[in-house]
Each structure stands twice: as structure tokens, then as C-alpha cells.
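See below for the structure under consideration.
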Amino acid sequence: MTRIACAAVLSLLGLLRCGAPQGVGSAGAGGGQPDAGADGGVQASGWTVAFQEDFEALAAPAATWQPAAPTGDGPYADDGLYFRQQGVTPPPAYRATVPFGASAWLTAESYTRSAGAAFADRFAVVPDPANPANHVLRLASPAHTDATVIRPSQPLPPKYRVSLRVGFADFGDGLPGLNGYRGGETAEPWLPDAATAQNGFYWLAILDSTPQPHNNVWIHHHRKVAMDSDNNVPPWMEIFDGNAFHLDGRHPLMMFALDGGPDPHDLYGPPFLSWSAGRWQPSGAIRAVDSYLPGEWYRASIERDGTRYTLEVEGRFQYGGQTTYRASIDAAASCVWHYDRTPEEANPACANPRFPAALGNGYPFWPADGSWPDWFMFGDPHENFYRGSVLYDDVRLEIWK
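Heads up, the sequence shown is in this note's numbering, so the first residue is 1 and it goes up one at a time.
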């Protein structure tokens, strides 16, 4: 469990001072408006763009692959205690950590098992298929054992809004057959499952630990809130079609928080608090808000104000048409997993001294004196699932002034 470090906060504040604010205004462009920028007006207080990346002037960053060393970030890490007890040995692999953007405010974290892999096949600036004059970021996983995510280079400030455009996803379809894979891929060595049963990507998520690629179990224990898609077959989630829920794994968009009340499952982590059909669903119900369309752009954002998270996504969906889905949750009242960044934010009722039977009492689920910073993440974080590509643009971090 990680305490938020004063040094990290001071480092982020230094970054915010170094990165010249881009203006004060609203969250910015909608789903179909690339590179709209921010309102240049001056207000007494409001959201100020601290950093933004539109990929128009970004040169391909240099990347050097290094042999993957132990990450040391908990019992569910690739070489963590949970897997060592099962005799799991991580395969030989390579990692690259690549800062980029103004004042290096963003970092790409990439993983591959392929010696000599081209970083440009995983991270590339390409023309926007909806407007070739615009440039966007393409994140790709050529194999299901590749993974690349984007994160901030420092933890997020106390009050923030992070937003981006995401679209033109090609990470499976949730239909019987290959589901975006070549065929025969497995989730080994961490799980014996067939990887082809699910394929997807993260639109935007907030984690409690520094984001980087891991086996899929790790992230299940480190999400606070998230928007993601997992094309699953046979389907194990429900999608709301405007009238009713139906079992369907084709192009789902999940908007959810993680319920820190019950004990987390070893493999799946805390249960979902899904937002769908205009409300938060019962704990454990896996219900998507709608189905995304592959050839569309969407605007997604996550905002934090005190202990309240607000998730929002705008665009054209299969069932809702052109619409905006917006959900807010009081993380302290709902015990959203590891929401508290400081002792002052903590709700004592959320603490859970119990621990996984497989790990022992040195690994309490939610120690009473714990605190966890917020980190955003998008891309494909899984080293043993997901194959495909997705586009991102107009990544923006706003702070309140």
C-alpha cells in the first residue's frame, strides 16, 4: 500500500508552474471537434488548462527497450508474491519508459516479449482518419503480449479534470470467432485462460498506483474509477439498449467505480459499481452504459473535486445516438476503492483490516492509515490479453484556479 509522498506532490506542483497554463474555460471540444483548444478568456476562478497534448508538433520520442526487471509494486505484480506462491515465473520481456509532451508531463510505458520490437509499431503519431489534416496518437498491441499505456509523469493534483478524445477502436468485436486475435492465444503464465474470450482497451481510468503494463490481475486491484471496453465472447456483461438490459459483449462502454466495501476477489479485485440506465447499479452488476461505434470519435473526461468523482463521455452510440453520459459519485460515502489521498479525506468506515487468505495479514485490503494518490491512465495495460489498436487526441489536464 502506498502513501502519497510530499516529494511527489511538490514535483507535480513544480511541473504545473513550469508548464504555462493554456487559458481558462470549459472542458473543451466535443466528440467530433479535434484540436479546438481552450477558451482564452480570463475568469476570476475556474478550470485552467495546465497541460495539453494535441500531437500536432510531437516528434516520435526516442525509446530504448530494457530487459524487464521486477516492478516491486505489490503482490499481484508479474513476479509478486501471489504468483510466486503458484510457481509462476514471468517470461523474458522488455520495457520502455518514454516521457514526452511539454515539460515531459506525460509518460508512455510499453512492454513486449519481442526482442528488437519497433516502438513505432506501438506508439505513433498518425493522420486522423476523420480529418487527415489533424494528427492523433495511435496506440497498438501487435500481439496480445504487447501493452502500452499513457500516464502523467507525476500524481494528479488535489482538484483536477483530465479529458481526451478516443476513437476508431479496433480491439475485437465480441463475436464468435477470432475476436481480434490470430487464434490460440492464452493468458499464461499468470492464468491458464484463453485470451481470445476478451479483447479491449481503456478509454480513461484513475489508478491508486503508478500505471504501467502488468498481467491483467494487477490492474483489477488498483483501479478507483474507470471507463473501458472489453469485447467478450461468450458474453458475461449486460448492455442497456435504452429500454432493458441484455446479455451482450459487443463493443460495450463500461463506466464504473470499484466498491471497496466487500473483500476483493483474488483475480477480479473489488466488485463493480456500474453506471448505466441513468443510475448506479447494484454492487457486482456488470452493466455497460451503451455500445460504442468503431469509426467514431468520443470525448471522455474524469473530474475530481474533494472526494467526488465525475465521469463523462460524449459521442454517437449504437443505442443512445448522439448523447452525453455523465455520472458522479461521492467516493467517501460509497467507499470507492482506495479513494483517499490524504488522512483528511479518509472515511474510517471504509477501512478493511482483513486480508487475502493466500497472502496473509501483511497485506490488509484497506489499512486505516493508508492513502493513495490518483494517477490517470489510458491504452492497453495487459501483458497477457488484448490485441489491436485505438486512437487518442487532445489529452488535457485542467486544474482549478
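From the three backbone atoms N, C-alpha and C, an ideal C-beta is built for every residue, glycine too.
Note that this is a predicted model, so its numbers are computed, not measured.
Per-residue burial, residue i [other beta carbons within 10 Å of its own, 16 or more giving buried]
i	result
Asn361	exposed
Gly370	buried
Phe218	The sequence as given places Trp at residue 218; Phe does not occur at that position. So Trp218 ends up on the buried side.
Glu344	exposed
Asp305	exposed
Asn243	exposed
Ser45	exposed
Thr64	exposed
Tyr111	buried
Ala20	Any reading at Ala20 is ruled out, since the residue's pLDDT is 37, under 50, leaving its predicted position unreliable.
Gly315	buried
Trp236	exposed
Gln22	Here Gln22 scores only 41 on pLDDT, less than 50, and its place in the model is too uncertain to base an answer on.
Arg396	buried
Ser26	Since pLDDT at Ser26 reaches only 33, below the 50 mark, its modelled position is unreliable, and the value read off the structure follows with that caveat. That one is exposed.
Gln52	buried
Leu391	buried
Arg182	exposed
Gly72	exposed
Gly260	buried
Gly249	buried
Pro373	buried
Delimiting residues of the alpha helix (DSSP H) encompassing residue i
i	result
Tyr82	81-84
Ser334	331-334
Span of the beta strand (DSSP E) around residue i
i	result
Val289	From DSSP, Val289 is part of no beta strand (DSSP E); its letter is neither H nor E.
Ser371	Note, Ser371: premise wrong, no beta strand (DSSP E); not H, not E.
Ala96	94-100
Asn134	131-141
Val125	123-128
Val88	Premise fails: Val88 is in no beta strand (DSSP E) and is neither H nor E.
Thr307	Unbroken run through Thr307: none, as it is neither H nor E.
Lys224	223-232
His246	245-247
Ala277	Where Ala277 is concerned, there is no enclosing beta strand (DSSP E), given that its DSSP letter is neither H nor E.
Cut-off 6 Å between Cβ atoms - residues of its own chain near residue i, not counting five sequence neighbours on either side
i	result
Tyr292	His251, Leu253
Pro211	Val149, Arg151, Trp375, Met377
Ala140	Arg122, Ser389
Asn347	Ala332
Asn352	Phe365, Trp366
Ala327	Met255, Trp275, Leu311
Leu58	Val125
Trp280	Leu273
Sequence-distant residues of its chain with Cβ nearer than 8 Å to residue i (five each side left out)
i	result
Pro70	Ala77, Asp78, Asp79
Ser153	Leu15, Pro99, Ala104, Trp105, Leu106, Thr107
Ala118	none
Ala349	Cys335
Asn179	Gly172, Asp173, Thr196, Ala197, Gln198, Asn199, Asn231, Val233
Asp128	Pro34, Asn134, His135, Val136, Leu391, Asp393
DSSP three-state assignment for residue i, whether helix, strand or coil
i	result
Val217	helix
Ala57	coil
Glu188	coil
Asp266	coil
Ser463	No statement about residue 463 is possible, as the shown extent of the chain runs from 1 to 401 and does not include it.
Pro70	coil
Ser114	coil
Val390	strand
Thr342	coil
Pro252	strand
Ser428	Residue coverage of the chain in this structure runs from 1 to 401, which leaves residue 428 outside it and unanswerable.
Ala358	coil
Gln22	Note that Gln22 scores a pLDDT of 41, beneath 50, so its modelled location is shaky and nothing firm can be said.
Ala349	helix
Thr196	helix
Ser163	strand
Phe317	strand
Ala169	strand
Residues of its chain near residue i, where Cβ-Cβ distance is below 7 Å and the 5 sequence neighbours each way are ignored
i	result
Ala355	Note on residue identity: the sequence assigns Phe, not Ala, to residue 355. Cβ neighbours of Phe355 beyond the five flanking positions: Asn361, Tyr363, Pro364, Phe365.
Tyr202	Ala226, Asp228, Met377, Phe378, Gly379, Pro381
Glu398	Trp47, Thr48, Val49, Ala50, Tyr160, Arg161
Gly320	Gly242, Asp290
Val88	Pro189, Trp190
Thr307	Asp330, Ala331, Ala332, Tyr339, Glu345
Reference residue i, options the options, closest by Cα
i	options	result
His338	Arg223, Pro157, Pro91, Trp280	Arg223
Asn131	Asn216, Pro155, Ala93, Phe168	Phe168
His221	Gln212, Pro213, Asp208, Asn231	Asp208
Cys335	Val289, Pro264, Ile399	Pro264
Pro67	Ser274, Pro75, Tyr94	Tyr94
Pro61	Ala187, Gly172, Tyr386, Ala102	Ala102
Gln318	Leu359, Asp290, Thr310, Val88	Asp290
Ala194	Val166, His144, His214	His144
Val125	Asp393, Gly295, Leu175	Asp393
Arg341	Arg287, Pro91, Pro142, Pro157	Pro157
Ala187	Ser283, His214, Arg165, Gly116	His214
Cβ-heavy atom distance, residue i to the ligand MG, below 7 Å
i	result
Gly87	The ligand content of the structure shown is nil, which means the ligand MG is not present either.
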